Structures are given as C-alpha cells and as structure tokens.
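All remarks here apply to the structure that follows.
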Amino acid sequence: MHDPQPMALPFFLKNKKTKWAWRCHIDTTTPSAQARDFAEEFLPLYDKTIFSMDTFAKGMNCEKNSVVIYPSIDPFSEKNKNLTDEQITAVICSYGLDLSKPILLQVSCFDPWKDPIGVIDVYRSVKEKFSDVQLVLIGSMATDDPEGWEFYERTLRHAGEDEALFVLTNFDGVGSVEVNAFQRSATVVMQKSLREGFGLTVSEALWERKAVVGGNVGGIRVQIKDGENGYLINSNEEAVERIEELLLNNDKRVKFGEEGYENVEKKFLTTRHALDYLKLFKRLV
Ligand code: UDP
Numbered sequence: 000m001h002d003p004q005p006m007a008l009p010f011f012l013k014n015k016k017t018k019w020a021w022r023c024h025i026d027t028t029t030p031s032a033q034a035r036d037f038a039e040e041f042l043p044l045y046d047k048t049i050f051s052m053d054t055f056a057k058g059m060n061c062e063k064n065s066v067v068i069y070p071s072i073d074p075f076s077e078k079n080k081n082l083t084d085e086q087i088t089a090v091i092c093s094y095g096l097d098l099s100k101p102i103l104l105q106v107s108c109f110d111p112w113k114d115p116i117g118v119i120d121v122y123r124s125v126k127e128k129f130s131d132v133q134l135v136l137i138g139s140m141a142t143d144d145p146e147g148w149e150f151y152e153r154t155l156r157h158a159g160e161d162e163a164l165f166v167l168t169n170f171d172g173v174g175s176v177e178v179n180a181f182q183r184s185a186t187v188v189m190q191k192s193l194r195e196g197f198g199l200t201v202s203e204a205l206w207e208r209k210a211v212v213g214g215n216v217g218g219i220r221v222q223i224k225d226g227e228n229g230y231l232i233n234s235n236e237e238a239v240e241r242i243e244e245l246l247l248n249n250d251k252r253v254k255f256g257e258e259g260y261e262n263v264e265k266k267f268l269t270t271r272h273a274l275d276y277l278k279l280f281k282r283l284v
C-alpha cells in the first residue's frame, strides 16, 4: 500500500495469510497529532512499514517494524531517457527561452514546502549580478488540489511581468519529455524545498549531470553531498551565493554533474529499488 489514502484496506481484507507492507512517501517528522492518531489506528495491521528516511518513523507506533528504502527513478522513462540536442532545443525554444543565456530551473508542485516564492526571490538577487539569467518554474496541477491552484496564482502574482521568468504547468503542454528537456537545458537546477519527503526531482537532475542547489532537508540530504555533487542550502542568501558561484564556474558544474550521476547510478535507480523490495518480500514470507 502506498501513502495514506488506501491505508485502511487491510482492515477490510482480513485474510490471515496475506502479508502487508505500507510505503510512506511523505515526511512524517512533525505530523499533525490528529492525522497521526488516525493513521496509527491502521499501522498495526501492517507487517512492515517503509519510509524514505530513518527519521521519518521516529515516535510512530510502527517505528520498530519499519525499514528505510530510498525511492528511485527509471532511467528509461520519458522523464529520464537521453534526448538529442535537437530534441532539447526544439522544446526549449518553443517556450521562448534563449539557450545562449543561463537557465535556472525548479520542477515542483506549487506547494509552500517547495518554496517557489523563495525561488523567485533568489532568482531576482542573482539577476542583479547576472542580468541575462532566466528562471523556469515547472509544476503540474492536480484538478483535485485547490491549495495547489491558490499557490500557483500566488506564484504568478509574485512573478509579475518579468519576461525572463517562465511559470509553466501541464496546462502549457509540459509533460514528461518537456520536463526532461528543461532539466537537461538548465545551467543550475534548484530544489529549494523547506521540507521534502525525498525529492525525486533531485535524482532526475543529478542523473542528467546537473549541478543542483537543494534545501538542506529530508531526502535531498542523502542525494546531495554538500560541495561534492551539489550544494545544500539553508537560506535564500546561501542559495544566491552558491548559484552565483556555479554560474561562474563551468568546471565545477561539470564535476558536480559527474559525481551526481555516479551517486544516482549506485543508489537511486529502479534496479536497486527492485532488489530492496525482493529482499523485503523474502523476509516477509
Ligand atoms: N513532476 C512533473 N511535472 C511537474 C512537476 C513535477 O513531472 O510539473 C514530477 C517530477 O519530475 C518528479 C515528481 O513529479 O518526478 C515529483 O517528485 P518529488 O519526489 O520531487 O516531489 P513530490 O511532489 O513527490 O513531493
């Protein structure tokens, strides 16, 4: 079972022989007491619970029964497969960006924890020194998420009239291949989260050999080794400083990209994930 929505199912399907595992994809370190109490009614029905970080299960009634399995990306999916330069150029130019100028990118849903407002503030500070820099914020909109729409509109208001600032969604035709192309075209990828379950966007960007500046939170911390394959930041000011440093230093961006790619290859691909699941299922049965 994945995430909270279907977690009560074992309660209704009481087959004694069935083994159940619950896979939690969110950061549960500081839960609302009401939500946690409700979830804890069902957690004892599970033989194992799986979290993305060991700190996430702390204090929950499933803590003793929990394991850590990192999520993963599929290198052959539309989102991550190799694209030719022509394919990348076609996508980026169709949205009006200039590939000869630096591109900052964040791919995230419009959610306060992903801090798109902070990303825009960081971009504006960077633009004081690098006047040709462009910012792309990409987020997919779920029709059943009213908060997402509100925050998207707030982001648009904050973005204002700047023609080098692009706020794009699936309603602008940005699907998996377009996300892939934007990630591959970026000079620096940001994931300025204030809280983060894991941050697959970071794995994706590292897999595409990009230098990433990420919030020092959640799963971003296991993917970015600060100063080796990217930078972890704790404030807007730190983000500005690191992005400026990377914009000036092509060699460092290339080095970070290579290190990041190797880290993802070892730890965050579907092959490793499948093996972890097989080991877990073997133990369960
Ligand atoms: N994503 C996408 N289009 C968007 C925004 C996000 O395809 O407009 C994808 C992104 O590439 C990643 C996933 O959604 O694969 C987000 O996963 P992540 O773990 O980074 O964050 P979550 O939204 O699950 O907290």
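So the sequence shown is numbered by numbering that gives the first Met the number 0: it starts at 0 and just counts up by one.
Cβ atoms here follow ideal geometry from the backbone N, Cα and C, with glycine treated the same way.
Here the structure is a predicted model, which is why all the values come from computation and not from measurement.
Thinking residue i and residue j are a contact (beta carbons under 8 Å), I'd like their distance in whole angstroms, please.
i: A163; j: Q182; result: Rounded, the Cβ-Cβ distance is 19 Å, inconsistent with contact.
i: A180; j: I72; result: So it is not a contact: roughly 16 Å between Cβ atoms.
i: I137; j: V188; result: Actually they do not touch by this definition, with Cβ atoms about 11 Å apart.
i: R220; j: I232; result: Not really, about 12 Å apart at Cβ, beyond 8 Å.
i: G259; j: G217; result: That belief does not hold up - the Cβ atoms of G259 and G217 are roughly 17 Å apart, past 8 Å.
i: T168; j: S139; result: 6 Å
i: K266; j: Y69; result: 6 Å
i: Q222; j: L245; result: That belief does not hold up - the Cβ atoms of Q222 and L245 are roughly 17 Å apart, past 8 Å.
i: A35; j: M59; result: Residue identity differs from the one stated: residue 35 is Arg in this sequence, not Ala. Right, the Cβ-Cβ distance comes to about 7 Å (below 8 Å), so this counts as a contact.
i: K100; j: S107; result: In fact, because the Cβ distance is near 22 Å, the residues do not count as touching under 8 Å.
i: A283; j: D46; result: Just to set this straight, residue 283 is Leu in the shown sequence, not Ala. With a Cβ gap of about 6 Å, L283 and D46 count as contacting.
For the beta strand (DSSP E) that contains residue i, what are its first and last residues?
i: Y276; result: No beta strand (DSSP E) contains Y276, which is instead part of the alpha helix (DSSP H) from 269-283.
In this structure, does DSSP put residue i in helix, strand or coil?
i: G172; result: coil
i: V106; result: strand
i: Q4; result: coil
i: W148; result: helix
i: V67; result: strand
i: K113; result: helix
i: Y230; result: strand
i: T48; result: strand
i: R194; result: coil
i: I72; result: strand
i: V121; result: helix
i: V166; result: strand
i: L134; result: strand
i: A20; result: strand
i: V239; result: helix
i: V216; result: coil
Please report the residue range of the alpha helix (DSSP H) in which residue i lies.
i: D206; result: Here the sequence assigns Trp to residue 206, which means Asp is not the residue at that position. Residues 199-206.
i: F255; result: 249-266
i: F37; result: 32-41
i: V221; result: 219-222
i: V90; result: 84-93
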